[in-house]
Amino acid sequence: MLNLGSEKIMPLLCEKGLVDEAYCVYQKIRRLPATQSCNAILDGFLKAGWVEFMWEVYGRMVSNGMLPIDVSYGILIDACCDLGDNARAKVLFDEMVEKGLL
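Numbering (our numbering), first residue to last: 2 to 103.
So, in structure tokens, the structure goes:
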């Protein structure tokens, strides 16, 4: 099992473009880091074109009771727009409005 230090390193790895390494750490941890760190991971996976893994992290955030913030939604909406999935982007935007994040 990895320690808290390993969880904190994932966002740093993503920021440095070391997404493969970040994903290896992600697969081994039991507990996700804080929302802001998850946002860095989401963004890193998106920038690397690892959209499937970005959605996996987001799903894990939600299933673990983490509340996405406006930055989280922005990253996800960017991904949807990049993929031409305007319907999903609209659903996410509506969620932001419902949660009072706009």
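Glycine included, every Cβ here is placed at the ideal spot set by N, Cα and C. On a predicted model such as this, the values are computed, not experimentally measured, just so you know.
Short CB-CB distance (under 7 Å) between residue i and chain B
i: S38; result: The structure shown contains no chain B, having only a single protein chain.
Contacts around residue i, its chain only, beta-carbon distance under 8 Å, and the 5 residues preceding and following it disregarded
i: K9; result: P34 and S38
i: V63; result: P69
i: N87; result: C81
Boundaries (first-last residue) of the alpha helix (DSSP H) holding residue i
i: A35; result: Where A35 is concerned, there is no enclosing alpha helix (DSSP H), given that its DSSP letter is neither H nor E.
i: N87; result: N87 to E99
i: A23; result: V20 to K29
i: M62; result: V52 to S64
i: A80; result: D71 to L84
Beta-carbon proximity list for residue i, same chain, < 7 Å, skipping 5 on both sides
i: R61; result: L33
i: N65; result: L33
i: M55; result: L43, F46, L47 and A80
Contact set for residue i: own chain, Cβ-Cβ below 6 Å, skip 5 residues either direction
i: L102; result: D71
i: L14; result: E22 and A23
i: R89; result: C81
Supposed close pair residue i, residue j - CB separation, criterion 8 Å
i: E22; j: G45; result: About 11 Å; that fails the 8 Å criterion.
i: M67; j: I42; result: 12 Å between Cβ atoms; not a contact.
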